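Residue numbers (my numbering): 52 to 289.
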């Protein structure tokens, strides 16, 4: 069984090249895969399933086409697209995952996370994350008009840019103890996550591994898991 993992594409109207790259990926590389896992931040922002920008509609259509071809698609929320809901799942044929999910690969079990919950040294962000993931807060936001939500998304992006610009990179990376605790709780030797934009395969103690998916910017990234093992692959977006 061939499984593919992607995250952190941050699709939006200002980067049509990224949308084109994903559409090409879905129609070529992903065509013969059995499962596609999107581990968050597929979109730069998502203000609710009732508003799909015209330039992103082809993404919805292509995911639906891939799903109908027999590939099971799974989606895990990121810190940018946490308002994706059941309507998106219905339109694309995707299954929504929880913040932490354990799946089976040929090599054994694997823990899937977006990864932002592992950045526990960034206390300010973790407090904000708790608010943004609150069902009460999300319900209040979704009750607002589309223009109001678009403005909120703009303000959140600006605040995020300001926040990250003033923080040390080590604070915004995953905390090793948080990683160890998550893997121990899941009783798995492999963790796969995104969020940090630092693609790598980390060898941990006791033969455990942490695979970090890459963000799509100058190049694209995906992880392929098959009977031969796991391979992190970088590719040209053009």
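In this text, a Cβ means the ideal position worked out from N, Cα and C, and glycines have one as well.
Here the structure is a predicted model, which means the values were calculated and not measured.
Would residue 341 be called buried (16 or more neighbouring beta carbons within 10 Å of its own) or exposed?
For residue 341 there is no data in the structure shown, the boundaries of the chain being 52 and 289.
Between residue 180 and residue 172, which are expected to be in contact by the criterion C-beta below 8 Å, what is the C-beta distance as a whole number of angstroms?
For the purposes of this step, residue 180 is taken as residue 129 along the chain shown, with counting starting at 1. For the purposes of this step, residue 172 is taken as residue 121 along the chain shown, with counting starting at 1. Contact doesn't hold; Cβ gap of about 13 Å is too wide.
Is residue 264 near residue 57, with beta carbons less than 8 Å apart?
Mapped onto the chain shown, residue 264 falls at position 213. Mapped onto the chain shown, residue 57 falls at position 6. Cβ atoms of residue 264 and residue 57: closer than 8 Å.
How would you write the range of the alpha helix (DSSP H) that residue 72 sits in, first residue to last?
On the chain shown, position 21 is the one that residue 72 refers to. Its alpha helix (DSSP H) spans residues 67 to 78.
What's the gap between the Cα of residue 271 and the Cα of residue 188?
The sequence position of residue 271 within the chain shown is 220, counting from 1. The sequence position of residue 188 within the chain shown is 137, counting from 1. Their Cα atoms are separated by approximately 33 Å.
Between the C-alpha atoms of residue 95 and residue 269, what's the straight-line distance to the nearest angstrom?
Start at 1 with the first residue of the chain shown, and residue 95 comes out as number 44. Start at 1 with the first residue of the chain shown, and residue 269 comes out as number 218. Their backbone Cα atoms lie some 16 Å apart in a straight line.
Determine the direct distance from the alpha carbon of residue 109 to that of residue 130, and round the result to whole angstroms.
As a position in the chain shown, residue 130 is number 79, starting the count at 1. As a position in the chain shown, residue 109 is number 58, starting the count at 1. Straight-line Cα distance between these residues: approximately 23 Å.
Return the residue from the list 133, 149 and 112 that minimises the CA-CA distance to residue 125.
Walking along the chain shown from the start, residue 125 turns up at place 74. The shortest Cα separation from residue 125 among 133, 149 and 112 belongs to 149.
In this structure, what does DSSP give as the bridge partners for residue 272?
By 1-based counting over the chain shown, the position of residue 272 is 221. Answer is 285, bridged to residue 272.
Pull up the DSSP beta-bridge partners for residue 111, would you.
What you label residue 111 is simply residue 60 of the chain shown in a count that begins at 1. None, per the DSSP bridge assignment.
Contact set for residue 81: own chain, Cβ-Cβ below 7 Å, skip 5 residues either direction
For the purposes of this step, residue 81 is taken as residue 30 along the chain shown, with counting starting at 1. Closer than 7 Å at Cβ, skipping near neighbours: 55, 87, 117 and 122.
So, does the segment 235 to 248 touch the segment 157 to 166, judging by three or more C-beta pairs under 8 Å?
yes
Determine contact between the segment 210 to 226 and the segment 134 to 145, defined as no fewer than three beta-carbon pairs at a distance below 8 Å.
no
So the candidates are 102, 120 and 221; which of them puts its Cα closest to the Cα of residue 249?
The residue labelled residue 249 in the question sits at position 198 within the chain shown. With distances taken between Cα atoms, residue 249 lies closest to 221.
Minimum C-alpha distance to residue 52 - residue among 283, 286, 284 and 275
By 1-based counting over the chain shown, the position of residue 52 is 1. Of the listed residues, the one whose Cα sits closest to residue 52 is 275.
Collapsed DSSP secondary structure at residue 165 in the structure displayed:
Within the chain shown, numbered from 1, the residue matching residue 165 stands at position 114. Coil at residue 165, not helix or strand.
Using three-state DSSP, classify residue 131 as helix, strand or coil.
Along the chain shown, one-based indexing puts residue 131 at 80. DSSP places residue 131 in coil when its eight states are reduced to three.
Could you check what DSSP says for residue 259 in three-state terms: helix, strand or coil?
What you label residue 259 is simply residue 208 of the chain shown in a count that begins at 1. Of the three classes helix, strand and coil, the one that applies to residue 259 here is coil, per DSSP.
Taking a contact to mean a Cβ-Cβ separation below 8 Å, would you say residue 169 touches residue 237 in this structure?
As a position in the chain shown, residue 169 is number 118, starting the count at 1. As a position in the chain shown, residue 237 is number 186, starting the count at 1. It is not a contact, given that the beta carbons lie outside the stated cut-off.
List in chain order: all unbroken beta strand (DSSP E) runs of 3+ residues lying wholly within the segment 158 to 240.
159 to 164
Roughly how many whole angstroms lie between the Cα atoms of residue 158 and residue 278?
Translated into positions along the chain shown, residue 158 becomes position 107. Translated into positions along the chain shown, residue 278 becomes position 227. Near 7 Å, if we compare the C-alpha coordinates of residue 278 and residue 158.
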